[in-house]
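The block underneath contains the structure these notes are about, expressed in structure tokens.
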Amino acid sequence: MMGDNANKNRPYAPSMTRRDTLKWMGIMAASAALPGLNACSSGAGQVKQVGATAGHWPELALKPVTAPGYGKDPDLISPPSQIWPRTLSADQLNVVAILSDLIVPAEGEYPSATQVKVPDVIDEWVSAPYASQQRDREMILPLLTWLNDEAVIRGGVSYSALALEQQRLILDDIATLNAQTPAAFERPARSFARLRALVLAGYFSSPQGTKDIGYQGNVAIAGDYPGPSDEALAHINQVIDELGLSAYTWTDPA
Amino acid sequence: MANTDFQVLVVGSGAGGAMAAYELTRQGIKVLMLEAGRDYNPRAETPMFNRNADAPLLGSGNKDKDFGFYDATVDGGWSVPDEPYTMDENTEFMWWRARMLGGRTNHWGRFSLRFSEHDFKGKTRDGHGADWPFEYQDIASWYDKTETLVGVCGANTGHEDMPDSAPGVLQPPPKARVTELLVAAAAGKEGIRMAPMHRAVLTRAQDIRQKCLYATSCGRGCSIGAAFQTTTSLIPLAKATGNLTVITDAMVREVRTDDTGKVIGVSYVNKSSGENVELDAPVVILAASACESARIMLNSRSDKHPAGLANSSGQIGRNLMDSTGANLGAYIPALRNRPRYNEDGHTSNHLFIPWWEHDAQAKGELDFPRGYHFEIGSGFREPGAWVAGDFQGYGVEVKEEARAAYGSYIGFALRGEMLPNDDCYMDIDETVTDKWGIPVARFHWKWSENEINQVRHGLETAKKILTNMGAEVGALPDPEEAILKGGQIIHEVGTTRMGDDPTNSVTNQWGQTWDCDNLFVMDAGVFASNPHKNCTLTIMTLAMRNADWLAKQIKQGAM
Numbered sequence: 001m002m003g004d005n006a007n008k009n010r011p012y013a014p015s016m017t018r019r020d021t022l023k024w025m026g027i028m029a030a031s032a033a034l035p036g037l038n039a040c041s042s043g044a045g046q047v048k049q050v051g052a053t054a055g056h057w058p059e060l061a062l063k064p065v066t067a068p069g070y071g072k073d074p075d076l077i078s079p080p081s082q083i084w085p086r087t088l089s090a091d092q093l094n095v096v097a098i099l100s101d102l103i104v105p106a107e108g109e110y111p112s113a114t115q116v117k118v119p120d121v122i123d124e125w126v127s128a129p130y131a132s133q134q135r136d137r138e139m140i141l142p143l144l145t146w147l148n149d150e151a152v153i154r155g156g157v158s159y160s161a162l163a164l165e166q167q168r169l170i171l172d173d174i175a176t177l178n179a180q181t182p183a184a185f186e187r188p189a190r191s192f193a194r195l196r197a198l199v200l201a202g203y204f205s206s207p208q209g210t211k212d213i214g215y216q217g218n219v220a221i222a223g224d225y226p227g228p229s230d231e232a233l234a235h236i237n238q239v240i241d242e243l244g245l246s247a248y249t250w251t252d253p254a
Numbered sequence: 001m002a003n004t005d006f007q008v009l010v011v012g013s014g015a016g017g018a019m020a021a022y023e024l025t026r027q028g029i030k031v032l033m034l035e036a037g038r039d040y041n042p043r044a045e046t047p048m049f050n051r052n053a054d055a056p057l058l059g060s061g062n063k064d065k066d067f068g069f070y071d072a073t074v075d076g077g078w079s080v081p082d083e084p085y086t087m088d089e090n091t092e093f094m095w096w097r098a099r100m101l102g103g104r105t106n107h108w109g110r111f112s113l114r115f116s117e118h119d120f121k122g123k124t125r126d127g128h129g130a131d132w133p134f135e136y137q138d139i140a141s142w143y144d145k146t147e148t149l150v151g152v153c154g155a156n157t158g159h160e161d162m163p164d165s166a167p168g169v170l171q172p173p174p175k176a177r178v179t180e181l182l183v184a185a186a187a188g189k190e191g192i193r194m195a196p197m198h199r200a201v202l203t204r205a206q207d208i209r210q211k212c213l214y215a216t217s218c219g220r221g222c223s224i225g226a227a228f229q230t231t232t233s234l235i236p237l238a239k240a241t242g243n244l245t246v247i248t249d250a251m252v253r254e255v256r257t258d259d260t261g262k263v264i265g266v267s268y269v270n271k272s273s274g275e276n277v278e279l280d281a282p283v284v285i286l287a288a289s290a291c292e293s294a295r296i297m298l299n300s301r302s303d304k305h306p307a308g309l310a311n312s313s314g315q316i317g318r319n320l321m322d323s324t325g326a327n328l329g330a331y332i333p334a335l336r337n338r339p340r341y342n343e344d345g346h347t348s349n350h351l352f353i354p355w356w357e358h359d360a361q362a363k364g365e366l367d368f369p370r371g372y373h374f375e376i377g378s379g380f381r382e383p384g385a386w387v388a389g390d391f392q393g394y395g396v397e398v399k400e401e402a403r404a405a406y407g408s409y410i411g412f413a414l415r416g417e418m419l420p421n422d423d424c425y426m427d428i429d430e431t432v433t434d435k436w437g438i439p440v441a442r443f444h445w446k447w448s449e450n451e452i453n454q455v456r457h458g459l460e461t462a463k464k465i466l467t468n469m470g471a472e473v474g475a476l477p478d479p480e481e482a483i484l485k486g487g488q489i490i491h492e493v494g495t496t497r498m499g500d501d502p503t504n505s506v507t508n509q510w511g512q513t514w515d516c517d518n519l520f521v522m523d524a525g526v527f528a529s530n531p532h533k534n535c536t537l538t539i540m541t542l543a544m545r546n547a548d549w550l551a552k553q554i555k556q557g558a559m
């Protein structure tokens, strides 16, 4: 299921031109799965079978990103492919890649997150000089460190050196954020929720992800807008009926 | 045409300035247009069809591109480099500007709703604010002419808040999306009727423009001219007459007057060289946007005009109004996993909810005097930096939630009419200048109970409609918290209002200033009130009508 583009023996290979890669993959969309990405991970280390470790959260002295942004008049037709320096280390990028493929594994005809270069999106995002991205940077970078710390506590090695099942066990503790989330996991869980949202965005906005979610627009229509399909109309009429609203069905005045 | 060989100088190239230039040049009058921003060509610069994934940060917005990477706005947004504005202590106002040919028409929402007889005579009806110096019937035919030229799709519905256009004026509207059909049924249960939105989007090809191809958001601009902007329509059409010259990067500093107080021209900064240029002009039309034109007038002080040019009424900068705004949205469980189809359409509202409570207001049943409408946000949008869903865990279950929740949210955006009040105005901050040494605008802002009560009514109504659709809305926010900031809807108007009394208005009904008969204002500054229906169509209608009147004066030798 999972492409292990990111394991210890095959570190995540960043793409400096992720958008160019996507363009190519867009052309190739719906072709066979990309080569060279196998399942299975054989990391080292033994995970202690403990439910929760004592709360810890790294206090990183993150330097603010001070690179310039793209300004108020960038080229919109051909956006520059790299504007500010990427800041994730190889190890951080590797952890992001592992998480990306755990969040969005390959599924049927659809690729995993790393196969559409989502870690590059995350790196661009957390390295960007804008306020909301810098807030995300302050959430996500400590999570990457926390995962390593937690992996050391539980198994004596870094997160990316753990076996896949052991990586999952740690993730299981922080992947649900609700009233039952133990206090010790609340901060990593909050950060993971943010990273998950970004990974989903990176995946579903890729050509394959866009097809996966079922977006059918952005195509030129020669005549009039055709409107809803018969299936969509039948569905909404059923919904309107079930909600007891069919007496108020809208009629076109035109 | 040499720069000195013109009869009318127009400041600004957006909705008002471009329409004025179009109408004047069409009638054979030579026009020089000054634009503070750079030249801009949508045919070459619009990112048609570009995907969010092709943009930095998945196309999301930030301080450089407030409305997202692909938004058409150049050198502007909520801030403009080197051109600050200030705010009074404890008040907040957001001022959207663009520095480009065509101004804000390059990215606007294209909603094009006529003001009605209710709207032009608000004071007569409820005692608040000011009446306009004419009736709806006086400009109905000008709305027809403007809609025909601009190209507006929609339908005549007979709705009391939506005056009909003359037969054949409107272009056919696109079919409703299923989410809009659901809202229509849910609103219908409350006795509230939806109507086709009127938008300045061509659904039939016209002059040098193509029809909409139902894809790629209008906010990026439109390289084929289907979504109206002056840079693909009025400006090239006016240039084709041979009577229009445009100078870009020309930031007007002040309007110049002679010793008798008569307007004799303008001075502007050539932004590329920094040099100051003085131009003589027989007639000057200000259409730089409501607050920019007021700023120019307030900065054009002289012995004859000590409080600012044409400001004997003291009204310049006063009566500043925006639209009220508030949002309420919810997840609609019944829309989960609904059948997919292409919902782009013309990329904005096909149906909306016009104001329906004129009768209740007339009977005194509401605790606010003016109306609002709802714009509806919904649909299968192109995936970008935010994925909808209630996510826990990871893996395929998370993907399934994203697919199920896709297109299952419906949002209501309230846009309402505010009343002018003494706390909302702009003036000049004498302590701050922009890069060119021009004193900047300073804003003062406070919503009144009228707007707060209106927003409360809107939130409660939206909740009823959402609940009818099966949504769990929960507790509503306080209206004081929900109401958006002054200026945030980008409908600022009223700073040089028109009227029929020189003591409480700046211009007459033709946009001609009472104090200087060769100085006109043809942007939203002249609005006597700010109906909830979006200002651009009426800016253009007034500019066409008033430029036609000006052309007649010039031809008769009155100017």
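Here the protein sequences come in this chain order: A and B. Mapping to full-length UniProt numbering: the first sequence position 220 is 220, numbers consecutive. Mapping to full-length UniProt numbering: the second sequence position 54 is 54, numbers consecutive. Think of the CB as a built atom: it goes at the ideal place given N, C-alpha and C, for glycine as much as any other residue.
Residue i at chain A interface by Cβ criterion, 7 Å
| i | result |
| --- | --- |
| B:P420 | no |
| B:F49 | yes |
| B:M1 | Caution is warranted here: a pLDDT of 41 is assigned to B:M1, below 50, making its placement in the model unreliable, and the coordinate value is therefore given only provisionally. So, not an interface residue. |
| B:P354 | no |
| B:L182 | yes |
| B:E382 | yes |
| B:V255 | no |
Contacts of residue i in chain A (Cβ-Cβ under 9 Å)
| i | result |
| --- | --- |
| B:G77 | K72 |
Candidates the options: closest to residue i by CA position
| i | options | result |
| --- | --- | --- |
| B:Y341 | B:S312, B:E480, B:Y406, B:L537 | B:Y406 |
| B:Y372 | B:T467, B:K533, B:G487 | B:K533 |
| B:A155 | B:A185, B:A53, B:S112, B:K123 | B:S112 |
| residue 560 of chain B | B:A205, B:K239, B:H118, B:W445 | Residue 560 of chain B lies beyond the residue range present for chain B, which begins at 1 and ends at 559; the question has no answer from this structure. |
| B:M94 | B:F520, B:K239, B:G486 | B:G486 |
| A:A175 | A:W250, A:R190, A:L88 | A:R190 |
| B:R43 | B:T73, B:L537, B:S223, B:V11 | B:S223 |
| A:G217 | B:Q7, B:T513, B:V506, B:R51 | B:R51 |
Pair within 7 Å by beta-carbon distance, residue i and residue j
| i | j | result |
| --- | --- | --- |
| B:R199 | B:R104 | no |
| B:F69 | B:G59 | yes |
| B:M469 | B:F352 | no |
| B:M540 | B:T146 | yes |
| B:L34 | B:Y268 | yes |
| B:T231 | B:G151 | no |
| B:A475 | B:L24 | no |
| B:V283 | B:V266 | no |
| A:P228 | B:V8 | no |
| B:M418 | B:M19 | no |
Min CB distance residue i to chain B below 7 Å
| i | result |
| --- | --- |
| A:Q216 | yes |
| A:G55 | no |
| A:P253 | yes |
| A:R190 | no |
| A:W250 | yes |
| A:T176 | yes |
| A:F204 | yes |
| A:A163 | no |
| A:L34 | Summary for A:L34: the model assigns pLDDT 30, below 50, so the residue's position carries little reliability, and this model does not support an answer. |
| A:Y225 | yes |
| A:L93 | no |
| A:T210 | yes |
Residue i beta carbon near the ligand FAD (any heavy atom closer than 6 Å)
| i | result |
| --- | --- |
| B:G364 | Among the components modelled here there is no ligand, and therefore nothing to report on the ligand FAD. |
Residue i: contacting residues in chain B (beta-carbon distance under 9 Å)
| i | result |
| --- | --- |
| A:P64 | None at all; the shortest Cβ gap to chain B is about 15 Å. |
| A:L102 | Y394, G395 |
Within chain B, the residues that residue i reaches when beta carbons sit closer than 8 Å
| i | result |
| --- | --- |
| A:E107 | V396, K399 |
| A:W146 | The contacting residues do not exist; A:W146 stays about 16 Å from chain B at best. |
Under 7 Å by beta carbon: chain B residues contacting residue i
| i | result |
| --- | --- |
| A:S229 | P339, Y341 |
Within chain A, partners of residue i - CB distance below 7 Å
| i | result |
| --- | --- |
| B:D64 | G69, Y70, G71, K72 |
Legend entry - Entirely enclosed alpha helix (DSSP H) segments - the stretch 180-240 of chain A, minimum 4 residues: 183-204, 207-213
Inset, instruction - At 4 residues or longer, and completely inside the stretch 232-306 of chain B: list those alpha helix (DSSP H) runs for me, N to C. - result: 234-239, 290-298
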